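Chains as they are written, first to last, in this note's numbering: chain R, 5 to 324; chain S, 156 to 494.
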Amino acid sequence: MSTAPTTTYVMPAPGSRGPDIAFKWVAVFAAAMIVVLIVMVGWELYYGSRLAIAKYGAGFLWSSEWDPVLEKFGALPFIFGTLVSSLISLLIAVPLGVATALFLTELAPLKVRQPIIIAIEMLAAVPSVIFGLWGMFVLIPWLRDSLFVWLKKSLGFLPLFQGPIYGVSMLAAGIIIAIMILPIVTSISREILRSVPNLQREAAYALGATRWEVLKIAVLSYARRGLFGAAVLGLGRALGETMAVTMVIGNRPQISASLFAPGYTLASVVANEFTEATTDLYQSALFEIGLVLFAVAILVNAAAQLMLKSMTGSGPIKVN
Amino acid sequence: MLPIKSKWFALLGALSALGATAASAQMLINGAGATFPFPIYSKWFNEYAKVDPSVRFNYQSIGSGGGQKQILSETVDFGASDGPMSDDNLAKAPRTLWHFPTVAGADVITYNIPGDLKLRIDGPTIAGIFLGKIVKWNDPAIASQNPDVKLPDADIVVVHRSDGSGTTYIFTDYLSHVSPDWKDKVGKGTSVSWPTGIGGKGNEGVSGQVKQVPGTIGYIELAYAKQNKLPYADVKNSSGNYITPTIDSVTEALATADIPDDFRFSMVNPPGAQAYPISGTTWLLVYAEQKDHAKGEKLVQFLKWAYSDGEKLAPGLDYAPLPDALIKRALEKVQSIKY
Numbered sequence: 005m006s007t008a009p010t011t012t013y014v015m016p017a018p019g020s021r022g023p024d025i026a027f028k029w030v031a032v033f034a035a036a037m038i039v040v041l042i043v044m045v046g047w048e049l050y051y052g053s054r055l056a057i058a059k060y061g062a063g064f065l066w067s068s069e070w071d072p073v074l075e076k077f078g079a080l081p082f083i084f085g086t087l088v089s090s091l092i093s094l095l096i097a098v099p100l101g102v103a104t105a106l107f108l109t110e111l112a113p114l115k116v117r118q119p120i121i122i123a124i125e126m127l128a129a130v131p132s133v134i135f136g137l138w139g140m141f142v143l144i145p146w147l148r149d150s151l152f153v154w155l156k157k158s159l160g161f162l163p164l165f166q167g168p169i170y171g172v173s174m175l176a177a178g179i180i181i182a183i184m185i186l187p188i189v190t191s192i193s194r195e196i197l198r199s200v201p202n203l204q205r206e207a208a209y210a211l212g213a214t215r216w217e218v219l220k221i222a223v224l225s226y227a228r229r230g231l232f233g234a235a236v237l238g239l240g241r242a243l244g245e246t247m248a249v250t251m252v253i254g255n256r257p258q259i260s261a262s263l264f265a266p267g268y269t270l271a272s273v274v275a276n277e278f279t280e281a282t283t284d285l286y287q288s289a290l291f292e293i294g295l296v297l298f299a300v301a302i303l304v305n306a307a308a309q310l311m312l313k314s315m316t317g318s319g320p321i322k323v324n
Numbered sequence: 156m157l158p159i160k161s162k163w164f165a166l167l168g169a170l171s172a173l174g175a176t177a178a179s180a181q182m183l184i185n186g187a188g189a190t191f192p193f194p195i196y197s198k199w200f201n202e203y204a205k206v207d208p209s210v211r212f213n214y215q216s217i218g219s220g221g222g223q224k225q226i227l228s229e230t231v232d233f234g235a236s237d238g239p240m241s242d243d244n245l246a247k248a249p250r251t252l253w254h255f256p257t258v259a260g261a262d263v264i265t266y267n268i269p270g271d272l273k274l275r276i277d278g279p280t281i282a283g284i285f286l287g288k289i290v291k292w293n294d295p296a297i298a299s300q301n302p303d304v305k306l307p308d309a310d311i312v313v314v315h316r317s318d319g320s321g322t323t324y325i326f327t328d329y330l331s332h333v334s335p336d337w338k339d340k341v342g343k344g345t346s347v348s349w350p351t352g353i354g355g356k357g358n359e360g361v362s363g364q365v366k367q368v369p370g371t372i373g374y375i376e377l378a379y380a381k382q383n384k385l386p387y388a389d390v391k392n393s394s395g396n397y398i399t400p401t402i403d404s405v406t407e408a409l410a411t412a413d414i415p416d417d418f419r420f421s422m423v424n425p426p427g428a429q430a431y432p433i434s435g436t437t438w439l440l441v442y443a444e445q446k447d448h449a450k451g452e453k454l455v456q457f458l459k460w461a462y463s464d465g466e467k468l469a470p471g472l473d474y475a476p477l478p479d480a481l482i483k484r485a486l487e488k489v490q491s492i493k494y
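Here you go:
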């Protein structure tokens with residue numbers, strides 16, 4: 005006689021379904037609220053910018069003028085500034101963050117791990133404004149007198165490192181944002197790397213891999229998707245960083261090939277000019293800048309999701 | 156013993172009754188707007204609470220733009236603005252809205268050049284620098300005005316405000332008056348399209364940049380420059396004298412400026428011999444007919460106190476008080492506020 009597995013349905017006790025149903029609806033409500041919130045934010049931004057959209061149309065996105073007196077507005081320098089400063093910060097923070105995470109999960113002796121983890125978490129707790137002040141009074145002078153001078157001397161043949169050095173610059177903004185997104189990239193990378201099964205590492209060792217080869221073949225390629233996700237989360241924060249950036253970027257709406265040149269970001273211009281925007285069109289233009297930032301964040305995330313789909317990792321390599 | 160629930164309700168009831176009586180004892184008058192006069196307004200409201208404890212003033216320095224918007228939509232009882240309202244904005248007001256000048260301040264030119272020197276500079280030169288036409292410190296235009304000073308052969312780095320502000324309004328208003336080129340290319344406003352230079356956020360941002368980067372020049376409020384001991388230049392006024400920015404030279408500018416009856420005026424480059432040319436006033440925006448009788452009465456009483464006793468507190472905080480003639484005119488207008 006075979007004992008086929010059966011699922012027996014047990015009648016719930018009377019009155020005990022209440023909490024189940026209540027919980028389900030609370031959870032559905034919470035999830036729905038998030039979607040509703042995003043839609044509402046997008047709608048409010050669109051509604052506030054309709055004056056500017058009517059006046060400037062699509063030309064707003066590639067016009068480089070920002071003249072509040074003549075009421076001629078264009079978002080191109082700000083889009084450029086936001087994307088470039090975020091890109092620089094990713095280029096600095098992701099390798100640094102992943103390397104730190106690797107160190108913490110694979111290489112560090114146990115005693116060293118906890119203090120470093122605490123230090124990284126403290127970095128995340130520092131408010132944006134404090135970073136801005138530190139950037140303005142400590143980082144910028146050092147950059148102006150040491151790092152930028154050295155970069156100009158050694159890499160000055162590249163258009164990236166030409167032009168006068170003021171201290172406040174796109175590169176300074178990128179560095180400050182990198183410091184601010186480092187904790188988030190490191191913590192998430194650490195979690196991702198910890199979730200790589202030990203079996204992967206053991207298999208690689210068994211095949212005769214060295215320490216670095218194990219990390220490269222078994223750990224990093226397995227964790228690739230997760231690490232990419234960590235970078236995307238960092239990028240999300242980088243795109244919206246306002247206070248620290250506005251204190252070190254120089255606030256000049258221009259597009260320049262040089263990283264030493266001052267720039268301007270979408271978030272900074274809104275923070276700087278919104279309270280004194282006395283005319284309706286001016287305010288509407290700033291709303292449209294906010295809408296553009298919202299759209300840029302969504303587009304970047306969507307692009308990242310698409311890239312994620314075509315990526316392998318977080319699972320054994322599929323054999324088909 | 157009362158059961159726990161009733162005890163809490165009783166406590167809640169007692170507290171709310173207490174809160175209600177406390178609230179009803181004091182009237183609250185709300186204002187919002189300009190950031191420049193925030194310190195002096197705070198002092199006024201503090202001192203006035205001792206004169207009349209039955210009313211409390213609440214002021215939020217959200218910026219002139221915000222102040223104008225709020226008073227137009229009547230979400231506050233009075234507004235405050237560092238620049239006079241434009242005709243377009245004023246036309247949006249539901250009833251007659253009056254401007255009352257309160258105190259004045261000045262924009263000073265601060266700089267970072269080696270050597271403890273006092274710079275002398277005139278309007279067209281400042282315009283040339285901020286237009287990007289004059290690029291070196293030892294340019295003849297600057298050197299000719301400072302014959303006893305050794306100016307360095309260094310690039311001038313211009314620093315301006317990145318945020319919209321009344322300080323920028325006064326500065327660009329002045330440049331528009333002294334330089335037709337500036338008026339044509341840039342114009343005046345709380346935010347403008349700067350031909351050159353880097354932007355710092357707030358007076359702190361500008362002075363931070365100027366302090367740290369050698370060869371910089373920027374504009375900040377007089378009060379700020381004095382309190383932070385920053386060097387500033389003597390500027391040539393329309394009479395040809397180089398004037399040091401002080402409270403007296405600003406009051407002098409007010410005394411000689413041409414002020415129309417609606418008190419919406421610009422006082423840059425006035426004719427006075429001892430007047431400092433880059434000065435500006437800040438205004439309170441009050442409706443000529445107050446909707447709420449009790450609040451209107453208290454507001455008018457405060458304005459009268461401000462113009463008589465309040466003005467005396469201004470120099471202590473590095474603001475220039477209004478000249479007596481102007482105070483008299485303002486008080487006459489305050490008398491005609493209906494409530």
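Where is the CB? At the ideal position from N, CA and C, for every residue including glycine. Predicted model only: the values in this text are computed from it and were never measured.
Beta-bridge partners assigned by DSSP to residue 258 of chain S: S/437. Under the Cβ criterion of 8 Å, residue 299 of chain R is not counted among the residues facing chain S. When R/46, R/231 and R/237 are compared, the shortest CA-CA separation from residue 103 of chain R is found for R/231. If you check each beta-carbon in the segment 131-152 of chain R against every beta-carbon of chain S, the ones closer than 8 Å belong to 140, 141, 144, 145 and 148. The Cβ atoms of residue 478 of chain S and residue 430 of chain S lie no closer than 8 Å to each other. The beta carbon of residue 205 of chain S lies closer than 8 Å to none in the same chain, with the five residues before and after it left out.
Among the residues facing chain S, residue 281 of chain R is included, as its CB has a counterpart in that chain under 8 Å away. Counting along the chain, the unbroken beta strand (DSSP E) around residue 391 of chain S starts and ends at 389-391.
Minimum Cα-Cα distance from residue 437 of chain S among the listed residues S/188, S/256, S/241 and S/207 corresponds to S/256. The alpha carbon of residue 135 of chain R has as its nearest neighbour, out of R/233, R/227 and R/253, the alpha carbon of R/253.
Under the DSSP assignment, residue 182 of chain S falls in the beta strand (DSSP E) whose first and last residues are 182-188.
Residue 292 of chain R and residue 53 of chain R have their alpha carbons spaced roughly 5 Å apart. Look at the segment 255-316 of chain S and you find these whole runs of beta strand (DSSP E), each 3 residues long or longer: 312-316. In this structure, the straight-line span from the alpha carbon of residue 272 of chain S to that of residue 482 of chain S is close to 38 Å. The Cβ of residue 241 of chain R sits no closer than 8 Å to any Cβ of chain S.
In the pairwise beta carbon analysis, the segment 394-407 of chain S is classified as touching the segment 261-275 of chain S: at least three pairs are separated by under 8 Å. With its beta carbon at least 8 Å from every one in chain R, residue 336 of chain S lies outside the interface. At a cut-off of 8 Å between beta-carbon atoms, residue 312 of chain S makes contact with chain R. Residue state for residue 367 of chain S is assigned as helix, using DSSP reduced to three classes.
Contact residues of the segment 247-263 of chain R toward chain S are 250, 251, 254, 255 and 256 (C-beta to C-beta distance below 7 Å). Contact annotation: residue 424 of chain S and residue 432 of chain S have beta-carbon atoms nearer than 8 Å. Residue contact with chain S for residue 170 of chain R: present (Cβ-Cβ distance below 8 Å to some residue of chain S).
Residue pairing by DSSP places residue 253 of chain S opposite S/441 in a beta bridge. Chain S has a Cβ within less than 8 Å of the Cβ of residue 70 of chain R. Just so you know, the alpha carbons of residue 366 of chain S and residue 358 of chain S end up roughly 12 Å apart. In this structure residue 298 of chain R is in contact with residue 45 of chain R, their Cβ atoms being roughly 7 Å apart against a cut-off of 8 Å. Each residue's CA atom was taken as its position, placing residue 26 of chain R and residue 38 of chain R some 19 Å apart. Membership of residue 308 of chain R in the alpha helix (DSSP H) is indicated by the continuous run 284-313. Scanning R/142, R/94, R/110 and R/185 for the CA closest to the CA of residue 127 of chain R turns up R/185. When 7 Å is used as the limit between beta carbons, residue 305 of chain R is near no residue of chain S, the shortest such separation being about 29 Å. For residue 266 of chain R, the nearest CB of chain S lies under 8 Å from its own CB, placing it at the interface with that chain. The straight-line gap separating the alpha-carbon atoms of residue 408 of chain S and residue 178 of chain R is approximately 45 Å.
CA-to-CA, the gap between residue 287 of chain S and residue 372 of chain S works out to about 12 Å. In this model, residue 284 of chain S and residue 473 of chain S are separated by some 28 Å (Cα to Cα).
Non-local beta-carbon contacts of residue 453 of chain S in its own chain, meaning distances under 7 Å to residues more than five positions away in sequence, involve 182, 184 and 210 in chain order. For residue 90 of chain R and residue 273 of chain R, the gap between their C-alpha atoms comes out near 16 Å.
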